[in-house]
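Going down the list, the protein sequences come from chains A and B. Under our numbering, the first residue of the first sequence carries the number 1, and numbering increases by one thereafter. Under our numbering, the first residue of the second sequence carries the number 358, and numbering increases by one thereafter. Virtual Cβ for every residue (Gly too), placed ideally from N, Cα, C. Data first, discussion second: the structure below is written as structure tokens.
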Amino acid sequence: MTYIAKPRVFHPSLEKNELGLTRRDYEGVMSTLCAGCGHDSVTAALIEAAWELAIPTHRAAKMSGIGCSSKTTAYFMSESHGFNSVHGRMPSVASGANAANRDLVYVGVSGDGDSLSIGLGQLCHAVRRNLNLLYIIENNGVYGLTKGQFSASADMGSKSKRGVPNEQPPIDPARLGLSIGATFVARGFSGDKQQLVPIIKAGIRHPGLALVDVISPCVTFNDHVGSTKSYAYTREHFREAVEAAFVAPKDFVPPAEEIAADIGSAEVRDVRMHDGSVIRFRQVEGDYDATDRDAVYGYLSERQNAGEVPTGLLYVDPESRDLHDVLGTVDRPLWDLPFEELCPGADALDALMENYR
Amino acid sequence: MEPTNVGNPDYYHKVVDCQWACPAHTNVPGYIRLIAQERYDDAYMLNWESNVFPGILGRTCDRPCEPACRRGRVEDKPVAICRLKRVAADLRGDITPRFPEIPKQKNGRKIACVGAGPASLTVARDLMPLGYEVTIFEKNDRPGGLMWTNIPQFRLPPEVLWEEIDYILDMGVDIRYDAPVKSMKWLLEQGFDAIFVGSGAPRGKELRLPGRYETDHIYIGIDWLESVAFGHTNSIEENVLVIGVGNTAMDCCRTSKRIGGTNVKVMARKSKPYFKASPWELEDAEEELVDIVENHSPTEFVVEDGVLRGMKFDIVEWHENDQGRLVSTKLDEAFFPADAVILAIGQESAFPWIEDDAGIEFNKWREAVVDRTTFMSTREGVFFGGDAAWGPENIIWAAEHGHQAAISIHAYCSGEDIRKRPPEHMNLVSAKMGLHEWSYSNDYEYAGRRKMRHVRLEERLGSIETEVEEGFDLEQTLTEVERCLNCDLQTHFTGSLCIECDACIDICPLNCLTITHNGEEAELRTRLLAPAENTEQDIYVSEPLPQTARVMVKDEDLCIHCGLCAERCPTAAWDMRTFDLLKPYAGREEDHPYSGMGIEEMAPGGFVSAAP
Ligand SMILES: Cc1cc2nc3c(=O)[nH]c(=O)nc-3n(C[C@H](O)[C@H](O)[C@H](O)COP(=O)(O)OP(=O)(O)OC[C@H]3O[C@@H](n4cnc5c(N)ncnc54)[C@H](O)[C@@H]3O)c2cc1C
Ligand SMILES: Cc1ncc(C[n+]2csc(CCOP(=O)(O)OP(=O)(O)O)c2C)c(N)n1
Ligand code: SF4
Ligand code: SF4
Ligand code: SF4
Ligand SMILES: [Mg+2]
Numbered sequence: 001m002t003y004i005a006k007p008r009v010f011h012p013s014l015e016k017n018e019l020g021l022t023r024r025d026y027e028g029v030m031s032t033l034c035a036g037c038g039h040d041s042v043t044a045a046l047i048e049a050a051w052e053l054a055i056p057t058h059r060a061a062k063m064s065g066i067g068c069s070s071k072t073t074a075y076f077m078s079e080s081h082g083f084n085s086v087h088g089r090m091p092s093v094a095s096g097a098n099a100a101n102r103d104l105v106y107v108g109v110s111g112d113g114d115s116l117s118i119g120l121g122q123l124c125h126a127v128r129r130n131l132n133l134l135y136i137i138e139n140n141g142v143y144g145l146t147k148g149q150f151s152a153s154a155d156m157g158s159k160s161k162r163g164v165p166n167e168q169p170p171i172d173p174a175r176l177g178l179s180i181g182a183t184f185v186a187r188g189f190s191g192d193k194q195q196l197v198p199i200i201k202a203g204i205r206h207p208g209l210a211l212v213d214v215i216s217p218c219v220t221f222n223d224h225v226g227s228t229k230s231y232a233y234t235r236e237h238f239r240e241a242v243e244a245a246f247v248a249p250k251d252f253v254p255p256a257e258e259i260a261a262d263i264g265s266a267e268v269r270d271v272r273m274h275d276g277s278v279i280r281f282r283q284v285e286g287d288y289d290a291t292d293r294d295a296v297y298g299y300l301s302e303r304q305n306a307g308e309v310p311t312g313l314l315y316v317d318p319e320s321r322d323l324h325d326v327l328g329t330v331d332r333p334l335w336d337l338p339f340e341e342l343c344p345g346a347d348a349l350d351a352l353m354e355n356y357r
Numbered sequence: 358m359e360p361t362n363v364g365n366p367d368y369y370h371k372v373v374d375c376q377w378a379c380p381a382h383t384n385v386p387g388y389i390r391l392i393a394q395e396r397y398d399d400a401y402m403l404n405w406e407s408n409v410f411p412g413i414l415g416r417t418c419d420r421p422c423e424p425a426c427r428r429g430r431v432e433d434k435p436v437a438i439c440r441l442k443r444v445a446a447d448l449r450g451d452i453t454p455r456f457p458e459i460p461k462q463k464n465g466r467k468i469a470c471v472g473a474g475p476a477s478l479t480v481a482r483d484l485m486p487l488g489y490e491v492t493i494f495e496k497n498d499r500p501g502g503l504m505w506t507n508i509p510q511f512r513l514p515p516e517v518l519w520e521e522i523d524y525i526l527d528m529g530v531d532i533r534y535d536a537p538v539k540s541m542k543w544l545l546e547q548g549f550d551a552i553f554v555g556s557g558a559p560r561g562k563e564l565r566l567p568g569r570y571e572t573d574h575i576y577i578g579i580d581w582l583e584s585v586a587f588g589h590t591n592s593i594e595e596n597v598l599v600i601g602v603g604n605t606a607m608d609c610c611r612t613s614k615r616i617g618g619t620n621v622k623v624m625a626r627k628s629k630p631y632f633k634a635s636p637w638e639l640e641d642a643e644e645e646l647v648d649i650v651e652n653h654s655p656t657e658f659v660v661e662d663g664v665l666r667g668m669k670f671d672i673v674e675w676h677e678n679d680q681g682r683l684v685s686t687k688l689d690e691a692f693f694p695a696d697a698v699i700l701a702i703g704q705e706s707a708f709p710w711i712e713d714d715a716g717i718e719f720n721k722w723r724e725a726v727v728d729r730t731t732f733m734s735t736r737e738g739v740f741f742g743g744d745a746a747w748g749p750e751n752i753i754w755a756a757e758h759g760h761q762a763a764i765s766i767h768a769y770c771s772g773e774d775i776r777k778r779p780p781e782h783m784n785l786v787s788a789k790m791g792l793h794e795w796s797y798s799n800d801y802e803y804a805g806r807r808k809m810r811h812v813r814l815e816e817r818l819g820s821i822e823t824e825v826e827e828g829f830d831l832e833q834t835l836t837e838v839e840r841c842l843n844c845d846l847q848t849h850f851t852g853s854l855c856i857e858c859d860a861c862i863d864i865c866p867l868n869c870l871t872i873t874h875n876g877e878e879a880e881l882r883t884r885l886l887a888p889a890e891n892t893e894q895d896i897y898v899s900e901p902l903p904q905t906a907r908v909m910v911k912d913e914d915l916c917i918h919c920g921l922c923a924e925r926c927p928t929a930a931w932d933m934r935t936f937d938l939l940k941p942y943a944g945r946e947e948d949h950p951y952s953g954m955g956i957e958e959m960a961p962g963g964f965v966s967a968a969p
């Protein structure tokens, strides 16, 4: 951690977005994490993505549980709403908030411990509900905050700092998500913002839950030789499955034109989302299809069994419908409904009950 | 790009913008930190070593360091470096015991200096401690050169001048007053082992226009100021025109204001952006109600029956022609009444006392041909420096010329090759004191430059002796020392330690750092997190990094030396290290009495010498 705050002094070339804000306006308080923690880089990627999307900072809510990773919501967008919940309970709190106010942008940040151990059930049901939420798991293979015990994402055989191997099989959040109906699944690496920022942008705009597993090394407890979540290991075994770019509706150019301008580039495929935005995939692996759930699952199993870390915007369901859409709730956020409408009283309830007799 | 070689002292030296810009390479941030620690004697000595006249320069220096200062790029105004130098001088105690010892046993070599200006005085200061016997011939009855004869007392009080000159003369210099050297050939026969010509550029330029010689109310600026300094002139007419707009003009108009000139105008041929005077001198003159009239080109002195009535001017407009040269177009004519005119349009060197057959070659402007590195003329053993070498400069250049000439004279007298210059070295000391502790104050806070307070107008115009500037008070000093960004606290990178975690990149408030693949400099500059557009500032490129073979690139331009990169780096790949330039002086290649001052108590680890 650091004691000197990042001073408010800027490079003269610092750009402004459509709202007239600079990246620095999306920063939060000074990080108290270990120097070199991957989580701080994810924070930087979140700042970049939110700035690029020109999200009004007062129209966003940051949700988290407990862990070093869950602390990171304090380190960006200090003007946004936020709730630092109990361990593993971020999805419940986020569900409640989202139910009451569907108009905010929801950014959930959790850890592998928070989401895959104590909060595993919470995670699964949030995925099933397809809550409109960006759900980032800052995955370091350990419980960082409690001094580095193996977490449920630790790979078999990965060694602890003292050299003891992990002997329990890992939970892979990406394949778990695919198997329970996730509509957006991605994996990134804190050390590669070029890949991570577009994923976060697409995830924020995705209508539903965007599950983003980010390998985010713990410099203090899990960055040694023998660890499978270190910077060096991740770089060595990193494999990009597909390259994705997020294209906002206003910036959309038909792919043919772009290819013409960039001859020799790999094949490009656009997946159009409901709001008119587009995720533009650039093929890296021959016939990879990010909309084919089973094929993606198979690809992940194959590559991971081969010891690789496949990354990219792995899967997206263009037909995704979020919880409000499925439930058919009113467009107006519930908090904004007049009390009489929201709670029409005993007579209305009786009338409703009458229907079921 | 090739990996940057930070083992070459020039690389880090250049990052310390003020020190690099200073002709004498004074360790500015070093003395500023000493002032912050209230160690005024140490701050003074650190200055004295390189610039010889801290009290004088703290008031009068041309300050090339200030336009170069990084703070001016990060905010709008540079650190008030010069004012802080004066603080060190004003608050010092008795530092005489710290001066170098002068050997009783002389080394048998005798050196003659012509003129007792700052150039010759510096030569004497550097050579006396080595056992040389130095004789200075001065044509006036006092030392100091233009510092005494031309810089007015309201800018430079005589006590300050005499005190710092005496530090040198008291080393046992044989100074001869009222002793103009009238013949170089004579001097060559006096048995000196080497001769240093520090006689300045004593001739004021003429303005040969109709009417010039029909009146005795037209004065040559530098001669007129000299006669004011010696007390021969103590008044001037009421309506004064000063021709020219350089620093001499400023001193002439401000002096006039104090001895009778009520209506004083400075007449400039060009327009404001092209004025030669320093901006602060222009400001001071305007504050004293001097009119500065631009775009007026003089054409004629109007004299009736031997009485000066005024001057005629063409009113002109300036524009650049195809070759980029500034040319004027006449718009109109104008007459300005005046009963005195002072010509302040420049100076040139003149050596009527050097015979054509003395073995010293002159160029077509009658300037001596002098080697830029060795300061030797075409005659062996005869060296030039200060304004005498390449025309008028300033005090700090005169001092630096003095240092270099002294190095040459020492080598010459020792029978060594004077072209072989002693190399510069450096020390680099880690500034890390503890987990989050650094040996310097690295908090950046916005703070505007403090303004110097001036004595009230009525009071100051009443006397030529009243010093205008009051010096900094404690609040001003404390703010100003904190404004210094400690550019000598270098960000030192060890690539082999970097794990490419991006922590430094993310934290840097000014986006100085980028990890990317290498490329040619021009192209690489465009690919950085913030484009490196200021090509006067270097970019640092590391060796390939261990994990991805990309490189760490740092744009030095706007780094505020906050140390956050080092603070955030988990592996200490970035470290903050205090850079200390070890500049050689005559006969003292290994001996740097003032280096590391202020650092020795700070860094428990001691000195780490520069890694190649
Ligand atoms: C009006 C004015 C204001 C200035 N203000 C500033 C300022 O604020 N800051 C600044 O940095 N610079 C200033 N300068 C410039 C600065 O004073 C000179 O650049 C500097 O003094 C040059 O030093 P020097 O040792 O080369 O020569 P000088 O200072 O000119 O000294 C030469 C000495 O040699 C003596 N001499 C000459 N010929 C002979 C001879 N034949 N025999 C014996 N003695 C001889 C002269 O009497 C004189 O004492 C100013 C100059 C002028 C004219
Ligand atoms: C109910 C409860 N049980 C246990 C803890 C102790 N605890 C705090 S953080 C943490 C694990 C955090 O791991 P992870 O989510 O991976 O975060 P990291 O610190 O690794 O980023 C645990 C077990 C707690 N705070 N509350
Ligand atoms: S900030 Fe300080 S060290 Fe840096 S250039 Fe300015 S005076 Fe020199
Ligand atoms: S010291 Fe480091 S963090 Fe601070 S401005 Fe310079 S490069 Fe950036
Ligand atoms: S913080 Fe240190 S280890 Fe991390 S990228 Fe920067 S220099 Fe490398
Ligand atoms: Mg964890």
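If you check the CB distance, L123 of chain A and S115 of chain A come in under 7 angstroms. Less than 7 angstroms separates the beta-carbon of A755 of chain B from that of G743 of chain B. With its beta carbon less than 7 angstroms from one in chain A, N868 of chain B belongs to the interface. Residues close to ligand 5 by the beta carbon criterion (under 6 angstroms to any non-hydrogen atom) are, from first to last along the chain, A:G36, B:C855, B:I856, B:E857, B:C858, B:D859, B:A860, B:C861, B:R925, B:C926, B:P927, B:T928, B:A930 and B:W931. Ligand 6 never approaches D40 of chain A closely enough for any of its heavy atoms to be under 6 angstroms from the residue's Cβ.
For Y26 of chain A, no CB of chain B lies under 7 angstroms from its own CB, so it is not counted at the interface with that chain. A Cβ of chain B is located within less than 7 angstroms of the beta carbon of R235 of chain A.
In the DSSP assignment, Q149 of chain A forms a beta bridge with A:Y143. Distance from the C-beta of N140 of chain A to the nearest heavy atom of ligand 6 is below 6 angstroms. In terms of CA proximity to R293 of chain A, A:P318 leads the group A:A248, A:M273 and A:P318. Nearest to D863 of chain B by C-alpha distance, out of A:K16, A:P12, A:E341 and A:R23, is A:R23. Residue environment analysis places E302 of chain A among the exposed positions, since fewer than 16 neighbouring C-beta atoms fall within 10 angstroms of its C-beta. For K147 of chain A, the closest Cβ of chain B is not nearer than 7 angstroms. Taking a beta-carbon distance threshold of 7 angstroms, P198 of chain A does not count as an interface residue toward chain B. Of all residues in the segment 888-909 of chain B, only P888, E890, P903, Q904 and T905 come within less than 9 angstroms of chain A when Cβ atoms are compared, listed by chain position. The alpha-carbon of A100 of chain A is positioned some 19 angstroms away from that of R128 of chain A.
Residue burial is scored here from C-beta neighbours: P950 of chain B has fewer than 16 other C-beta atoms within 10 angstroms and is therefore classed as exposed. Less than 7 angstroms divides the Cβ of I764 of chain B from the Cβ of A943 of chain B. Residue pairing for K687 of chain B: DSSP places it in a beta bridge opposite B:V673. Between the alpha carbons of P630 of chain B and D608 of chain B lies a distance of about 20 angstroms.
With a threshold of 16 other beta carbon atoms within 10 Å, C855 of chain B meets it and is buried. Residues of chain B whose Cβ lies closer than 7 angstroms to the Cβ of Y231 of chain A are, in chain order, I856, E857, C858 and Q904.
Taking the Cα positions, S179 of chain A is about 15 angstroms away from A290 of chain A.
Proximity of chain B to C124 of chain A at the Cβ level (cut-off 9 angstroms) is not reached, the minimal Cβ distance being about 32 angstroms. Take the alpha-carbon of T871 of chain B and the one of M909 of chain B: they are about 6 angstroms apart. Under the Cβ criterion of 7 angstroms, D287 of chain A is not counted among the residues facing chain B. Chain B has no Cβ within less than 7 angstroms of the Cβ of V29 of chain A. Taking 8 angstroms as the Cβ-Cβ cut-off, the segment 920-934 of chain B approaches chain A at G920, L921, E924, R925, C926, P927 and T928, given in chain order. Any Cβ of chain B closer than 7 angstroms to the Cβ of K6 of chain A would place that residue at the interface, and such an atom is present. In the structure shown, the three-state DSSP call for S654 of chain B is strand.
DSSP lists B:A725 as the bridge partner or partners of F719 of chain B. When the beta-carbon positions are compared, E690 of chain B and D714 of chain B stay at least 7 angstroms from each other.
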